[in-house]
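S.K.:
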Amino acid sequence: MERKILHLDMDAFYASVEQLDNPAYRGKPVIVGGDPSKRGVVSTCSYEAREFGVHSAMPLQEAFRKCPQGIFLPVRAKRYAEVSRQIMNILAEYSPLVEPLSLDEAFLDLTGSEGIFGPAVEIGKTIVRRIEKEIGLTASVGIAPNKFLAKLGSDLRKPKGFVVISPENVLEVLEDLPVGKLWGVGKRTEAILFQMGIRTIGMLRRYPLEKLIERLGEVGAHLHQLAHGRDDRPVVTDEAAKSIGHEMTFQEDTDDREFLTGVLLCLADQVARRLRQHQLKGRVIAVKIRDHAFKTITRQITLEQPTDFEETIYQVALNLAMQAQWGDGKVRLLGITVSGFEASQTQLALFEELESPTMVQLDKLHRTVDQLKNRFGEQAITKGTIIRMNQLMKD
Ligand code: TTP
Ligand code: MG
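The sequence shown maps to residues 599 to 993 in the numbering used here.
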C-alpha cells in the first residue's frame with residue numbers, strides 16, 4: 599500500500615516572520631541572531647542575505663563582514679512560536695497524523711485524507727496557498743511515499759519549492775544527489791563513503807550490500823535501503839494525541855466478572871469508534887484496572903497488525919484483564935487505551951489488503967453502524983450487553 603507523506607518546511611522562517619511584521623525589511627538582507635558587535639551566531643537569514651554568503655550557525659561578526667548593510671535583529675522566540683502554532687493548526691485540518699519536527703517543519707500522513715480532501719498534491723497546494731493567504735509566509739513542500747523522500751523533496755527547490763516524488767521517479771530523483779543528502783549521513787559517514795568511491799546516491803544504490811555492511815555494519819544496511827528510496831517509519835503525532843482511551847468508574851466497587859466483561863465490551867466499542875472517526879489504527883492495547891483501595895495496574899500488549907476493530911480490542915483487553923486477575927479484590931474503575939498509531943488505509947485499499955472475507959464484512963458492518971450512529975445518535979444501534987451496562991454505569 600503506497601503512503602502519501604507530506605513534509606513542509608517554512609522558508610527562512612525567523613527572518614520571514616520579521617519581514618512579515620516589518621514591511622520595511624521586505625526584499626532586504628535580514629539577519630536574525632542579535633547584535634553583530636557581540637559574540638553569537640546567526641539563527642537564520644533572509645534569502646537576500648544568503649546571496650552574500652551568510653548562513654545559519656555563522657558567527658555574527660563574520661556575517662557582518664560579509665554583509666555590512668544587513669539588518670541585524672534579535673531572536674523573538676515567542677513570536678515565532680505563535681506563528682508556528684498558526685501553521686500547525688492549518689496542517690491539523692488535513693490529517694490527524696501531524697508530526698512537528700521543529701517550529702517551522704512537520705510531517706503529515708495524507709494517506710487517509712485523500713478520500714475526504716482529494717489527491718495529496720491538491721491538499722499540499724491548498725495548504726501552501728492558505729499559509730500564504732492567512733499568515734503571509736511562504737513554505738516549501740515535498741510529497742512522497744515516505745518520510746525520507748518527503749523531507750528530501752521539500753529541500754530540493756527551496757524557497758517556494760513543491761516537489762512530488764513518486765515510486766516511478768524516485769530512482770531518477772536520487773541518482774545524482776550527493777550521499778550527504780541521505781538522512782543520517784554526517785561528515786564522518788560521508789568521508790568513509792567518499793573513501794569507498796561512493797559520491798552519489800545512485801553509486802551507493804549499486805554498491806554491493808555485503809561490502810557496505812562489512813564496512814559500516816547496521817548503518818550500511820540502513821543506507822542501502824535509503825538509497826533505494828525505502829523508509830517505513832510511520833508519522834508519529836505528538837504526545838497528547840498519541841493514544842485514544844476510555845474509562846468508567848462504577849457506582850459501587852464490584853468483582854462481578856460478567857459485569858466487568860460487559861464493561862470491557864462497552865469500552866472497546868467506544869474506543870474503536872473513535873479510532874475510526876480519526877482514521878487511526880493502533881497496535882498497542884492497554885487495560886487499566888483500579889481497585890477499591892485506589893491501587894491501579896495497567897497491562898498492555900503490542901499486536902502484529904494495527905487495528906480499529908472492537909472485537910479485537912475487546913478480546914485482547916479481556917485476556918489482559920484475566921491475566922491480571924482483574925486486580926486485587928473489588929474493581930472501582932476500568933479503562934482501555936489504544937496507541938501506537940498508523941493511519942488506516944482508504945476503504946478500497948483496505949478491502950484489497952484484507953484477505954479474510956469475514957474481516958471485510960466486519961469492517962463494512964463497523965462502518966455502517968458508525969454511519970447510523972452519526973445520523974441517528976449514539977443509542978440508535980447498540981449491542982444488547984451494552985444497553986444493560988449503560989443502565990448500571992455512572993458515566
Ligand atoms: P531551517 O528550516 O533550517 O531554516 P530556515 O527556515 O530559516 O530556512 P530554509 O528552511 O528556507 O532553508 O530552520 C528553521 C528555523 O530554526 C530558522 O528560521 C531559525 C532556527 N534555526 C536556528 O536558530 N539555528 C540554526 O542553526 C538553524 C539551522 C535554524
Ligand atoms: Mg525552514
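Built from N, CA and C at the ideal position, the CB exists for glycine as well.
Out of 891, 889, 638 and 880, which one is the CA nearest neighbour of residue 898?
M.R.: As a position in the sequence shown, residue 898 is number 300, starting the count at 1. The option with the nearest alpha carbon to residue 898 is 880.
S.K.: Using the three-state DSSP reduction, which class does residue 966 fall into: helix, strand or coil?
M.R.: The residue labelled residue 966 in the question sits at position 368 within the sequence shown. DSSP places residue 966 in helix when its eight states are reduced to three.
S.K.: Can you grab the Cα-Cα spacing for the pair residue 614 / residue 787, in whole Å?
M.R.: Taking the sequence shown and counting its residues from 1, one reaches residue 614 at position 16. Taking the sequence shown and counting its residues from 1, one reaches residue 787 at position 189. Residue 614 and residue 787: Cα-Cα distance of roughly 33 Å.
S.K.: At a cut-off of 7 Å, would you count residue 609 as near the ligand MG, judging by its Cβ distance to the nearest heavy atom?
M.R.: The sequence position of residue 609 within the sequence shown is 11, counting from 1. Under cutoff, so the answer is yes.
S.K.: With a CB to CB cut of under 6 Å and the five nearest residues on each side skipped, what residues in its chain are close to residue 886?
M.R.: What you label residue 886 is simply residue 288 of the sequence shown in a count that begins at 1. If we look at residue 886 and ignore the five residues flanking it on each side, its Cβ neighbours are 896 and 933.
S.K.: Cutting at 6 Å between CB atoms, please list the residues of its own chain near residue 643, excluding the five before and the five after it.
M.R.: Residue mapping note: residue 643 aligns to position 45 of the sequence shown, counting from 1. For residue 643, where only same-chain residues beyond five positions count, the Cβ hits under 6 Å are 613, 629 and 652.
S.K.: So who's on the other strand from residue 846, going by DSSP bridges?
M.R.: Here the question's residue 846 lines up with position 248 in the sequence shown. 932, per the DSSP bridge assignment.
S.K.: Please confirm whether any heavy atom of the ligand MG lies closer than 7 Å to the CB of residue 773.
M.R.: What you label residue 773 is simply residue 175 of the sequence shown in a count that begins at 1. No, the ligand MG has no heavy atom inside 7 Å of this Cβ.
S.K.: Does DSSP put residue 937 in a helix, a strand or coil?
M.R.: Against the sequence shown, residue 937 aligns to sequence position 339. It is a strand residue.
S.K.: Is any heavy atom of the ligand TTP found at a distance shorter than 7 Å from the C-beta of residue 655?
M.R.: The residue labelled residue 655 in the question sits at position 57 within the sequence shown. Residue 655 Cβ: within cutoff of the ligand TTP.
S.K.: Does the region 755-768 come within contact of the region 780-800, defined as at least 3 CB pairs closer than 8 Å?
M.R.: The region 755-768 vs the region 780-800: no contact.
S.K.: Pick helix, strand or coil for residue 643, following the three-state DSSP scheme.
M.R.: Numbered from 1 along the sequence shown, position 45 holds the residue referred to as residue 643. Looking at residue 643 - three-state DSSP - the assignment turns out to be strand.
S.K.: Tell me which same chain residues have a C-beta within less than 8 Å of the C-beta of residue 673, skipping the five on either side of it?
M.R.: Position 75 of the sequence shown, counting from 1, holds the residue named residue 673. Contacts found: 612, 630, 631, 632 and 641.
S.K.: What separation, rounded to the nearest whole angstrom, lies between the Cα atoms of residue 946 and residue 910?
M.R.: Here residue 946 refers to the residue found at position 348 when the sequence shown is read from its first residue. Here residue 910 refers to the residue found at position 312 when the sequence shown is read from its first residue. With a pLDDT of only 34 at residue 946, under 50, the local geometry of the prediction cannot be trusted, and the value read off the model is given with reservation. Whole-angstrom Cα-Cα distance: 21 Å.
S.K.: In terms of DSSP beta bridges, what is residue 882 paired with?
M.R.: Numbered from 1 along the sequence shown, position 284 holds the residue referred to as residue 882. DSSP output for residue 882 lists 900 and 937 as bridge partner(s).
S.K.: For residue 617, count the other beta carbons within 10 Å of its own beta carbon; 16 or more makes it buried, fewer makes it exposed. Which is it?
M.R.: The sequence position of residue 617 within the sequence shown is 19, counting from 1. Buried: at least 16 other Cβ atoms inside 10 Å.
S.K.: Report yes if the C-beta of residue 702 is less than 7 Å from at least one heavy atom of the ligand COA; otherwise report no.
M.R.: In the structure shown, the ligand COA is absent; the only ligands present are the ligand TTP and the ligand MG.
S.K.: I'd like to confirm the pairing. Which residues does DSSP put opposite residue 707 in its beta bridges?
M.R.: As a first step, residue 707 must be located in the sequence shown, where it is residue number 109. Residue 707 pairs with 603.
S.K.: Buried or exposed for residue 867, going by 16 or more other Cβ atoms inside 10 Å?
M.R.: Within the sequence shown, residue 867 is the residue found at index 269, counting from 1. Residue 867 comes out buried.
S.K.: Within this structure, are the beta carbons of residue 779 and residue 605 separated by less than 8 Å?
M.R.: Your numbering for residue 779 matches position 181 in the sequence shown. Your numbering for residue 605 matches position 7 in the sequence shown. Going by C-beta atoms, residue 779 is not nearer than 8 Å to residue 605.
S.K.: Is the beta carbon of residue 693 less than 8 Å from the beta carbon of residue 840?
M.R.: As a first step, residue 693 is located in the sequence shown; it is residue number 95 there, counting from the start. As a first step, residue 840 is located in the sequence shown; it is residue number 242 there, counting from the start. It is not a contact, given that the beta carbons lie outside the stated cut-off.
S.K.: Would the region 801-812 and the region 714-726 be scored as touching if the rule is three or more Cβ pairs under 8 Å?
M.R.: At 8 Å Cβ cutoff, the stretches do not touch.
S.K.: Bridge partners for residue 762 per DSSP, in chain order?
M.R.: Looking up residue 762 in the sequence shown gives position 164. The partner list for residue 762 (beta bridge, DSSP) reads 741.
S.K.: Just list the residues that DSSP pairs residue 670 with in beta bridges.
M.R.: Numbered from its first residue, the sequence shown carries residue 670 at position 72. Partner(s): 629.
S.K.: Is residue 695 helix, strand or coil by DSSP?
M.R.: Counting from 1 along the sequence shown, the entry for residue 695 is found at position 97. In this structure, residue 695 counts as coil in the three-state DSSP scheme.
S.K.: Using the Cβ count rule (16 or more neighbours within 10 Å means buried), how would you classify residue 729?
M.R.: What you label residue 729 is simply residue 131 of the sequence shown in a count that begins at 1. So residue 729 counts as buried.
S.K.: From residue 682 to residue 691, what distance separates their C-alpha atoms?
M.R.: Residue numbering aside, residue 682 sits at position 84 when the sequence shown is read from its first letter. Residue numbering aside, residue 691 sits at position 93 when the sequence shown is read from its first letter. Each residue's Cα considered, the two are about 15 Å apart.
S.K.: If you measure between the beta carbons of residue 870 and residue 908, is that distance less than 8 Å?
M.R.: Here residue 870 corresponds to residue number 272 of the sequence shown, with the count starting at 1. Here residue 908 corresponds to residue number 310 of the sequence shown, with the count starting at 1. Closer than 8 Å, so yes.
S.K.: Given a cut-off of 8 Å, decide if residue 834 and residue 802 are closer than it, judged by their beta-carbon atoms.
M.R.: As a working note, residue 802 is residue 204 in the sequence shown. As a working note, residue 834 is residue 236 in the sequence shown. Not a contact, by the Cβ cut-off of 8 Å.
S.K.: To the nearest angstrom, report how far apart residue 848 and residue 857 are at their CA atoms.
M.R.: Along the sequence shown, one-based indexing puts residue 848 at 250. Along the sequence shown, one-based indexing puts residue 857 at 259. Each residue's Cα considered, the two are about 11 Å apart.
S.K.: What are the residues that DSSP puts in a beta bridge with residue 608?
M.R.: To locate residue 608, count along the sequence shown from 1; it is residue 10. Per DSSP, 737.
S.K.: Below 8 Å between beta carbons: does that hold for residue 906 and residue 931?
M.R.: On the sequence shown, position 308 is the one that residue 906 refers to. On the sequence shown, position 333 is the one that residue 931 refers to. Cβ distance not < 8 Å, so residue 906 and residue 931 don't count as in contact.
S.K.: For residue 638 and residue 627, what's the separation of their Cα atoms in angstroms?
M.R.: Numbered from 1 along the sequence shown, position 40 holds the residue referred to as residue 638. Numbered from 1 along the sequence shown, position 29 holds the residue referred to as residue 627. Approximately 18 Å between the Cα atoms of the pair.
S.K.: Run the CB neighbour count on residue 675, radius 10 Å, all protein chains shown included, and call it buried at 16 or more, exposed below.
M.R.: As a first step, residue 675 must be located in the sequence shown, where it is residue number 77. By the neighbour-count rule (16 or more Cβ atoms within 10 Å), residue 675 is not buried but exposed.
S.K.: For residue 700, count the other beta carbons within 10 Å of its own beta carbon; 16 or more makes it buried, fewer makes it exposed. Which is it?
M.R.: In the sequence shown, residue 700 corresponds to position 102, counting from 1. With fewer than 16 Cβ atoms within 10 Å of its Cβ, residue 700 is classed as exposed.
S.K.: Following the continuous alpha helix (DSSP H) through residue 864, name the residue where it begins and the one where it ends.
M.R.: Against the sequence shown, residue 864 aligns to sequence position 266. Looking at the DSSP string, the run of the alpha helix (DSSP H) that includes residue 864 is 855-875.
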